[in-house]
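Our numbering applies: residue 59 is where the sequence shown begins, and numbers increase by one.
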Amino acid sequence: MYLFNRTGLSASNMHHRNSLKFSLLALLLLGVCTLGASEPAAKAAKSSATSASAGSQPARIKKQSEATRDQSTSAAWWKQELVPSQSFSDSSDPNGFFSSSHGLLQTHPPLYSGGGGGGGSGGGSLGVGFGPDITEPPRYTPASVLDFDTRGLDELRRNPLLSSPEECARACREGDPPKTCYYHFTAELYTVLGAACQVCTPNATNTVWSHCQCVLADGVERGILSVNRMIPGPSIQVCEGDKVVIDVHNMMDGLELTIHWHGLWQRGTQYSDGVPMLTQCPILFGNTFRYQWIAGNAGTHFWHAHTGLQKIDGIYGSIVVRQPPSADPNSHLYDYDLTTHVMLLSDWLHEDAMERFPGRLAANTGQDPETLLINGKGQFQDPNTGYRTNTPLETFTITPGRRYRFRVINSLASVCPAQLTIQGHPLILIATDGEPVHPVVVNTIISFSGERYDFVINAEQPVGAYWIQARGLGECGNKRVQQLAILRYARGPYQPTSQAPTYDVGLPQGVVLNPLDAICNKPRTDAVCVNQLKNAKQVDEGILQKRPDVKIFLPFRFLFYRPEELFQAHQYNRFLVAPGGGDHVISLVDEISFTFPPSPPISQVEDIPPEQFCNGDNKPANCGRNCMCTHKVDIPLNAVVEVVLVDEVQQPNLSHPFHLHGYAFNVIGMGRSPDTNVKKINLKHALDLDRRGLLNRQFNLPPSKDTIAVPNNGYVVFRFRADNPGYWLFHCHFLFHIVIGMNLVLHVGTQADLPPVPPNFPRCGDFLPPIDLH
Ligand SMILES: [Cu+2]
């Protein structure tokens with residue numbers, strides 16, 4: 059089989075380094091956007107930028123009235139030693155303005171009568187319905203204070219039944235009536251370190267909404283795509299059963315958009331799943347599309363663009379659907395579940411993602427990210443000069459003696475798994491992909507694109523500040539991509555006293571969740587595999603029956619083109635230039651490379667020629683090696699379905715995470731071939747193993763997930779009951795694999811099982827009238 063050539067990195071990196079233009083951030087001034095009148099004296103920050111490469115770019119500082127500003131040469135604002143966010147140290151930030159200590163509210167438990175400080179109330183005191191006295195009802199921010207687009211504001215004013223994002227991010231109590239939560243998303247072309255940063259810098263309370271239009275990211279200037287001028291975009295935090303309405307206004311000139319609500323099952327709202335040319339037409343420039351769904355399944359989820367490569371350029375944000383504590387089997391394990399204790403991990407480039415697709419052969423090759431961000435924050439160290447930006451690191455504040463629920467979302471778009479470790483704090487894992495599991499203690503969580511993990515931290519270490527390290531594994535090891543954040547005890551120091559962990563000298567890993575070695579068929583002391591987690595909910599008996607109603611084997615691999623084959627006359631085959639050796643590849647699932655139809659089948663199936671659809675048993679005649687069509691597998695409503703994913707890519711260090719829309723499935727088994735004579739698994743061998751009963755399956759409380767990484771050179775077996783009709787995309791969650799066809803559609807039920815197409819639902823398709831020149 060083919061392997062990617064991983065040499066050639068150094069040569070390509072040189073081009074990359076030379077092409078980077080750095081900007082830096084000087085945070086000095088006073089006067090930050092404040093949330094409310096109660097805010098202590100406004101803080102400041104005018105940001106400025108200059109160039110690290112001496113004098114090659116004029117400094118963007120407008121006025122340098124003080125002589126001290128003469129120090130603002132590159133060296134003055136870059137630090138070779140890692141000292142996180144020095145600009146925000148105690149002296150310059152006495153109020154802890156940039157710490158994430160101010161949960162907008164305390165969401166758990168409903169009543170807490172203990173003494174001492176409230177959860178994470180150290181640092182600042184915005185006091186928006188939050189504080190030690192948590193029996194006090196939350197004081198809601200009036201909707202008019204929100205930095206809504208005026209059209210969004212108008213909608214909120216017009217309709218008094220709508221609740222604002224702040225009103226919806228609340229503690230969930232049994233018997234409380236559901237709210238209708240309204241969000242207005244304005245998607246734009248925007249900039250990191252733009253002039254907005256002379257007006258304010260974003261504060262830590264903006265997880266739900268921002269009142270400052272400055273985007274800092276990792277302190278390196280670049281053009282981005284953004285929703286409401288935030289990276290990540292607004293967080294949707296609601297209670298189970300709430301209705302969520304999001305008006306998505308596409309103001310990105312020349313770009314179409316859809317947004318997918320990753321993890322939400324969209325029962326009864328199949329038209330709001332946000333997959334372009336499957337569940338809707340893309341939202342055109344200038345248009346607004348109203349997504350409406352019920353927050354029907356609780357848990358940690360997220361939203362992101364499903365169009366093109368926009369997600370990695372900035373179109374993503376978190377979704378938290380909370381429950382009353384009585385509904386969470388693990389609620390006894392934690393005292394607090396704060397709006398600010400969400401860790402959204404993402405990867406970050408220093409150029410548009412489209413620069414990397416299909417990909418270059420010499421300059422800045424491949425699709426590897428430059429760095430990671432944690433809640434859109436981080437610092438970047440130039441590998442060439444060692445200089446580091448001094449943008450603020452994300453800080454999570456906890457109070458001694460309390461127990462906190464954290465929610466980690468892997469929103470990476472590239473192929474790198476992310477490893478998360480918190481210094482000195484074991485992680486009590488309690489949920490994955492929104493679904494509760496029996497608690498298990500680990501020290502490190504490895505997650506893949508699209509996965510979510512919830513864990514509890516007990517604040518039982520000496521008061522202090524502790525490092526949080528996120529490392530990019532696999533492909534990201536080449537550039538040693540990592541990011542740091544800080545776990546801080548209230549009233550303790552802001553900076554950890556210990557040396558910052560580096561990529562090569564990281565925090566001790568301890569017990570690892572999701573080990574990359576895929577040894578998952580036996581208990582082990584150093585690691586826990588995802589399939590070894592135990593579901594904390596009851597599992598549908600039908601799932602556990604010996605034989606499923608439908609069994610689907612899905613091998614997936616890359617097809618490698620020779621240039622003369624790729625660039626022949628009369629065709630423009632798509633391709634991705636893979637990192638390393640520059641192989642030109644497309645993806646095949648069951649020997650089909652998925653293409654989207656010209657109209658969405660959910661609403662315009664009659665406009666799609668039937669021969670557009672295909673599957674492994676029904677491939678178009680003469681489809682060839684690079685068979686391109688809309689891969690659709692029809693599944694009867696309510697069938698118990700078993701899917702066996704088989705990794706025929708077999709690239710070491712690369713495990714593809716597959717995400718299913720519309721469902722959570724039960725992970726029955728995963729691993730590699732038990733036959734040590736077989737060096738490479740393939741469909742034939744997997745079928746053979748299955749026949750011989752050697753595919754690892756276990757039926758004792760299999761965990762529920764919606765995203766599962768298939769071990770490289772291995773397999774995954776999962777099951778679900780197809781009780782949610784619709785057109786559900788099932789795909790590798792790596793962004794650059796989606797666009798080369800690593801997808802298919804599971805079509806459950808018939809059109810008659812779906813709600814009717816909403817009135818005036820936008821239509822789209824080819825326009826090919828008869829040619830008439832008269
Ligand atoms: Cu993939």
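Just so it is clear, CB atoms sit at the ideal spot from N, CA and C, and this is done for glycine as well.
Bridge-paired residues (DSSP) for residue i
{"i": "H789", "result": "H717, N801"}
{"i": "D733", "result": "D733 pairs with nothing; no bridge assigned."}
{"i": "M686", "result": "S651"}
{"i": "L476", "result": "First, the residue type needs correcting, since residue 476 is Ala and not Leu in the sequence shown. BP columns for A476 point to S505, G530."}
{"i": "M728", "result": "V774"}
{"i": "L612", "result": "L703"}
{"i": "T453", "result": "I544"}
{"i": "W351", "result": "V302"}
{"i": "Q295", "result": "V378"}
{"i": "V691", "result": "L804"}
Residues of its chain near residue i, where Cβ-Cβ distance is below 7 Å and the 5 sequence neighbours each way are ignored
{"i": "F611", "result": "V702, V704, L741, A744, L745"}
{"i": "L460", "result": "First, the residue type needs correcting, since residue 460 is Arg and not Leu in the sequence shown. Only G177, D393, Y394, A517 meet the Cβ criterion."}
{"i": "N684", "result": "L617, N631, I644, S651"}
{"i": "I693", "result": "V608, V699, A780, L804, H805, V806"}
Spatial neighbours of residue i in its chain, beta-carbon cut-off 8 Å, leaving aside the 5 residues before and after
{"i": "E232", "result": "P382, S384, A385"}
{"i": "G482", "result": "Q519, Y524"}
{"i": "P828", "result": "none"}
Beta-carbon proximity list for residue i, same chain, < 6 Å, skipping 5 on both sides
{"i": "M288", "result": "S268"}
{"i": "C239", "result": "S221, C226, V296, D300, V302"}
{"i": "N579", "result": "G729, N754"}
{"i": "S150", "result": "Note that S150 has pLDDT 33, beneath the 50 cutoff, so the model's placement of it is unreliable and no number is given."}
{"i": "F347", "result": "V306, I341"}
Straight-line Cα distance separating residue j from residue i
{"i": "N536", "j": "N442", "result": "14 Å"}
{"i": "I282", "j": "A471", "result": "15 Å"}
{"i": "F757", "j": "L574", "result": "23 Å"}
{"i": "V306", "j": "F243", "result": "5 Å"}
{"i": "N217", "j": "F633", "result": "48 Å"}
{"i": "E669", "j": "V379", "result": "40 Å"}
{"i": "L793", "j": "P658", "result": "21 Å"}
{"i": "G444", "j": "R228", "result": "43 Å"}
{"i": "P484", "j": "I515", "result": "7 Å"}
{"i": "Y785", "j": "T327", "result": "12 Å"}
{"i": "V473", "j": "N589", "result": "21 Å"}
{"i": "L812", "j": "P290", "result": "33 Å"}
{"i": "T337", "j": "H719", "result": "11 Å"}
{"i": "Q872", "j": "T447", "result": "The requested residue 872 does not occur in the structure, where the chain is confined to residues 59 to 832."}
{"i": "G161", "j": "V500", "result": "Note that G161 scores a pLDDT of 42, beneath 50, so its modelled location is shaky and nothing firm can be said."}
{"i": "D764", "j": "G277", "result": "34 Å"}
{"i": "I766", "j": "P715", "result": "5 Å"}
{"i": "K690", "j": "L759", "result": "30 Å"}
{"i": "P450", "j": "G568", "result": "28 Å"}
{"i": "P475", "j": "P817", "result": "42 Å"}
Collapsed DSSP secondary structure at residue i in the structure displayed
{"i": "Y248", "result": "strand"}
{"i": "P334", "result": "strand"}
{"i": "N448", "result": "coil"}
{"i": "Q603", "result": "coil"}
{"i": "K592", "result": "coil"}
{"i": "D371", "result": "helix"}
{"i": "L745", "result": "helix"}
{"i": "L220", "result": "strand"}
{"i": "S268", "result": "coil"}
{"i": "A627", "result": "coil"}
{"i": "F311", "result": "Note on residue identity: the sequence assigns Asp, not Phe, to residue 311. Coil at D311, not helix or strand."}
Residue range of the unbroken beta strand (DSSP E) whose run includes residue i
{"i": "P497", "result": "493-500"}
{"i": "I317", "result": "317-320"}
{"i": "L854", "result": "Since the first residue shown for the chain is 59 and the last is 832, residue 854 is missing from the structure and cannot be characterised."}
{"i": "L431", "result": "429-432"}
{"i": "L283", "result": "280-285"}
{"i": "L485", "result": "485-490"}
{"i": "N468", "result": "461-468"}
{"i": "H359", "result": "357-363"}
{"i": "N516", "result": "510-516"}
{"i": "I829", "result": "Careful: I829 lies outside any beta strand (DSSP E) and carries neither H nor E."}
Opening and closing residue of the alpha helix (DSSP H) in which residue i lies
{"i": "R779", "result": "Taken as a continuous stretch (DSSP letters only), R779 belongs to no alpha helix (DSSP H), being part of the beta strand (DSSP E) at 772-779."}
{"i": "C226", "result": "223-226"}
{"i": "S661", "result": "659-662"}
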